[in-house]
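All the letters of the sequence shown, read from the start, carry residue numbers 1 to 451 under the numbering used here. Here the structure is laid out as structure tokens; the discussion comes afterwards.
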Amino acid sequence: MLTYSSSFPAGFTWGVATAAPQIEGAAFDDGKGESVWDRFSRIPGKVNNGDTLDVACDHYHRFREDFALMRDLGIKNYRLSIAWPRIYPQGDGSLNQAGLDFYHQLFDAMAEFEITPWVTMFHWDLPQALEDRGGWCERLTVDAFGRYADTIVSEFSDKVKNWITLNEIRCFTRLAYAADAGNKAPGRPVSKAQLNQTYHHALLCHGHGVRAVRAYGGPGARVGLTDNCEVSIPVTETTTDIAAAKAWFIDENIHLLGAIHAGRYEPSYLARVGSDAPRVSPGDFDLISLPTDYLGLNIYTGSFLRADRNNHPEVITLPAHYPKADSPWLHLAPQAIYWATRFVREVYGVKEIYITENGCGYNDEPVVNGEVNDLHRRDFLRSYLRETHRAIADGVPVHGYFLWSFMDNFEWEDGYLRRFGIIHVDFATQRRTPKLSARYYASVMRENRIV
Numbered sequence: 001m002l003t004y005s006s007s008f009p010a011g012f013t014w015g016v017a018t019a020a021p022q023i024e025g026a027a028f029d030d031g032k033g034e035s036v037w038d039r040f041s042r043i044p045g046k047v048n049n050g051d052t053l054d055v056a057c058d059h060y061h062r063f064r065e066d067f068a069l070m071r072d073l074g075i076k077n078y079r080l081s082i083a084w085p086r087i088y089p090q091g092d093g094s095l096n097q098a099g100l101d102f103y104h105q106l107f108d109a110m111a112e113f114e115i116t117p118w119v120t121m122f123h124w125d126l127p128q129a130l131e132d133r134g135g136w137c138e139r140l141t142v143d144a145f146g147r148y149a150d151t152i153v154s155e156f157s158d159k160v161k162n163w164i165t166l167n168e169i170r171c172f173t174r175l176a177y178a179a180d181a182g183n184k185a186p187g188r189p190v191s192k193a194q195l196n197q198t199y200h201h202a203l204l205c206h207g208h209g210v211r212a213v214r215a216y217g218g219p220g221a222r223v224g225l226t227d228n229c230e231v232s233i234p235v236t237e238t239t240t241d242i243a244a245a246k247a248w249f250i251d252e253n254i255h256l257l258g259a260i261h262a263g264r265y266e267p268s269y270l271a272r273v274g275s276d277a278p279r280v281s282p283g284d285f286d287l288i289s290l291p292t293d294y295l296g297l298n299i300y301t302g303s304f305l306r307a308d309r310n311n312h313p314e315v316i317t318l319p320a321h322y323p324k325a326d327s328p329w330l331h332l333a334p335q336a337i338y339w340a341t342r343f344v345r346e347v348y349g350v351k352e353i354y355i356t357e358n359g360c361g362y363n364d365e366p367v368v369n370g371e372v373n374d375l376h377r378r379d380f381l382r383s384y385l386r387e388t389h390r391a392i393a394d395g396v397p398v399h400g401y402f403l404w405s406f407m408d409n410f411e412w413e414d415g416y417l418r419r420f421g422i423i424h425v426d427f428a429t430q431r432r433t434p435k436l437s438a439r440y441y442a443s444v445m446r447e448n449r450i451v
């Protein structure tokens, strides 16, 4: 029996999350244009097993079935994304009415099933036509995104009130364009100066998303960014280790969250990048620093920090057998949720925080006698929820939690090997099977507490 209250605040937002390119399929149906991931997945060796997004979970044709599953589990909030190349197939050319019609049908079905949408404007599926003209290295992508944001917000203003501008800037910039990365689409190495410019262009797009919601979102519309900030965890919760962890956190996030909240690039960042600093035009930071309503954080893991003998931050190397998921980057670190949320409140003064993704990826989760016994995911979820609960108890304004992911899907360069879902998907038959973790999470949401 629990000796303390594990209840979450009344009105706490519980939900699940997915992204359009990972689940929709119908990659070239009804006028949809090619995305960078459609192209990247066809380059031999870039995606496990040569998997593509062509069919994925076939959500494009099965969304009502999926919403019925959500209703059965008691899911009331669903974070999803709109596919930019389904709306503007060339990125900035002609509008595709069939794309708008699809999302109208999708949102209408969500309303029927009493599910509230939380919509991400961009979740990595840049139209390939824009990449062919320079992609995130060029300001034309900013202009195209501004038009796209205006279109979707005005079109769906009566159906969507919770907007997220961008998902995980680091992943579609550094991991896609850095010379030492390239495992994310489009996988095109660029110079350090060009890479820094991709960050700046992404920040401008975030600003355009905020501007669009303020202009066209209508009464009650809210907007924020989802960031996968670099997370530091103090090895000991002592004054010196906490200070070292916070200093590292500030430095590692200075070019994104730091720039948004300061309304400029800090002198220390500009000194660090030198002649590779981003080109900034007059008025850029007026747009970038537009006030938001909340901050979304995608938290999976973190780095462990301590103060060295000179009280400087020191990152601790993980031992060989430190526990991790099958995703090689995902070592288990539940405290990451506590310290990420605490630091964004303390450093940036954020007043409303949502965990917009948290979950774990494993391989080979077979259906046996109609069940998937993923106790490892249940344990992962429970341990991270405890740290979320702890943060709230310590006064951190965490208002909601979205589990990644609702169902197994196309996991980027890992293809369909890596499974993050609480719903098992048989990709050959498209059969959906709720896992043990789905039943567990349903109980958490129903009880509004850790069970």
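Beta carbons are placed, not taken as given, at the ideal position from N, Cα and C, and that holds for glycine. For clarity, every value in this text was computed on a predicted model and none was experimentally measured.
Within the same chain, show all residues whose beta-carbon is closer than 8 Å to that of D132, passing over the 5 residues directly before and after it, in chain order.
Locating residue 132 in the sequence shown gives position 132, counting from the first residue. For D132, where only same-chain residues beyond five positions count, there are no Cβ hits under 8 Å.
Straight-line gap, L100 to I250 (C-alpha atoms, nearest Å)
The residue labelled residue 100 in the question sits at position 100 within the sequence shown. The residue labelled residue 250 in the question sits at position 250 within the sequence shown. Spanning the two alpha carbons is a distance of roughly 40 Å.
Beta-carbon contacts of A149 that lie in its chain and below 7 Å, excluding the five residues immediately before and after
As a first step, residue 149 is located in the sequence shown; it is residue number 149 there, counting from the start. So the list reads M121, H208, G209, A212, once near-sequence residues are dropped.
Three-way DSSP call (helix, strand, coil) for I254 in this model:
The residue you call residue 254 lines up with position 254 of the sequence shown. Correct three-state label for I254: coil.
Inter-stretch contact (C-beta, 8 Å, three-pair minimum) for the stretch 108-124 and the stretch 59-76:
yes
Going straight from the alpha carbon of V344 to that of Y300, what length do you get?
Along the sequence shown, read from residue 1 onward, the residue named residue 344 stands at position 344. Along the sequence shown, read from residue 1 onward, the residue named residue 300 stands at position 300. Using only the alpha carbons, I get a separation of about 16 Å.
Per DSSP, what kind of secondary structure is F402 in: helix, strand or coil?
Here the question's residue 402 lines up with position 402 in the sequence shown. Correct three-state label for F402: strand.
Quick check on the burial criterion: 16 or more other C-beta atoms within 10 angstroms. Buried or exposed for A185?
For this step, residue 185 is matched to residue 185 along the sequence shown. Looking at its Cβ environment, which holds 16 or more other Cβ atoms inside 10 Å, A185 is buried.
Could you tell me which uninterrupted alpha helix (DSSP H) segments, each at least 4 residues in length, are contained entirely in the stretch 227-301, listed from first to last along the chain?
239-252, 257-262, 267-273, 284-288
What is the rounded straight-line gap between the Cα of V16 and the Cα of V160?
As a first step, residue 16 is located in the sequence shown; it is residue number 16 there, counting from the start. As a first step, residue 160 is located in the sequence shown; it is residue number 160 there, counting from the start. Distance between the alpha carbons of V16 and V160: 16 Å.
Ends of the alpha helix (DSSP H) at I152?
Position 152 of the sequence shown holds residue 152. That run of the alpha helix (DSSP H) goes 140-155.
Does L51 come out as helix, strand or coil in the three-state DSSP assignment?
Here the question's residue 51 lines up with position 51 in the sequence shown. What sits at residue 51 in the sequence shown is Asp, not Leu. Coil, per DSSP.
For W163 and D108, what's the separation of their Cα atoms in angstroms?
One-based indexing of the sequence shown puts residue 163 at position 163. One-based indexing of the sequence shown puts residue 108 at position 108. Those two C-alpha atoms are separated by around 17 Å.
What are the start and end residues of the beta strand (DSSP E) that includes S452?
Given that the chain is displayed from residue 1 to residue 451, the structure contains no residue 452 and the question cannot be resolved.
Rounded to whole angstroms, what's the CA-CA distance from G134 to I43? Just pull it up for me.
Walking along the sequence shown from the start, residue 134 turns up at place 134. Walking along the sequence shown from the start, residue 43 turns up at place 43. Taking the straight line from one Cα to the other gives about 19 Å.
Reduced DSSP secondary structure (H/G/I, E/B, other) of T18:
As a working mapping, residue 18 is identified with position 18 in the sequence shown. DSSP places T18 in coil when its eight states are reduced to three.
What are the boundary residues of the beta strand (DSSP E) that includes A26?
Here residue 26 refers to the residue found at position 26 of the sequence shown. No beta strand (DSSP E) contains A26, which DSSP labels as neither H nor E.
Spatial distance of T141 from R449 (CA atoms)
Along the sequence shown, one-based indexing puts residue 141 at 141. Along the sequence shown, one-based indexing puts residue 449 at 449. Taking the straight line from one Cα to the other gives about 43 Å.
So, does the stretch 364-381 touch the stretch 311-319, judging by three or more C-beta pairs under 8 Å?
no
Beta-carbon separation (whole angstroms), L256 vs D227, contact threshold 8 Å
Counting from 1 along the sequence shown, the entry for residue 256 is found at position 256. Counting from 1 along the sequence shown, the entry for residue 227 is found at position 227. Confirmed, Cβ separation roughly 6 Å.
Looking at the ligand ADP, does it come within less than 7 Å of E168, judged from the CB to the closest heavy atom?
Of the ligands one can find in the structure shown there are none, so the ligand ADP has no counterpart to examine.
To the nearest angstrom, report how far apart I87 and D394 are at their CA atoms.
Working through the sequence shown from its first residue, we reach residue 87 at position 87. Working through the sequence shown from its first residue, we reach residue 394 at position 394. The straight-line gap from Cα to Cα measures roughly 43 Å.
Pick out whichever of R386, E357, G74 has its Cα sitting closest to the Cα of S5.
Along the sequence shown, read from residue 1 onward, the residue named residue 5 stands at position 5. Considering only alpha carbons, the answer is R386.
Check H208 in the structure and name its three-state DSSP category.
In the sequence shown, residue 208 corresponds to position 208, counting from 1. The answer is helix: DSSP assigns H208 an H, G or I state.
DSSP three-state call for N196: helix, strand or coil?
Numbered from its first residue, the sequence shown carries residue 196 at position 196. Three-state result, N196: helix.
For G274, decide whether its Cβ has a neighbour in chain C, counting only Cβ atoms nearer than 8 Å.
Of the chains in the structure shown, none is chain C; there is only one protein chain.
Whole angstroms are fine: how far does the CA of P9 sit from the CA of R39?
Along the sequence shown, read from residue 1 onward, the residue named residue 39 stands at position 39. Along the sequence shown, read from residue 1 onward, the residue named residue 9 stands at position 9. Each residue's alpha carbon lies about 45 Å from the other.
Classify F304 as helix, strand or coil using the three-state DSSP reduction.
The sequence position of residue 304 within the sequence shown is 304, counting from 1. Strand, per DSSP.
In whole angstroms, what separates the C-alpha of W124 from that of N48?
Along the sequence shown, read from residue 1 onward, the residue named residue 124 stands at position 124. Along the sequence shown, read from residue 1 onward, the residue named residue 48 stands at position 48. Those two C-alpha atoms are separated by around 18 Å.
Quick one: what does DSSP say F8 is sitting in, helix, strand or coil?
For the purposes of this step, residue 8 is taken as the residue at position 8 of the sequence shown. Of the three classes helix, strand and coil, the one that applies to F8 here is coil, per DSSP.
Contacting residues, own chain, Cβ-Cβ under 7 Å from W412 (five flanking each side not counted):
As a position in the sequence shown, residue 412 is number 412, starting the count at 1. So the list reads K184, once near-sequence residues are dropped.
Could you tell me the distance, in whole angstroms, from the CA atom of V119 to the CA atom of I242?
By one-based count along the sequence shown, residue 119 stands at place 119. By one-based count along the sequence shown, residue 242 stands at place 242. Their Cα atoms are separated by approximately 35 Å.
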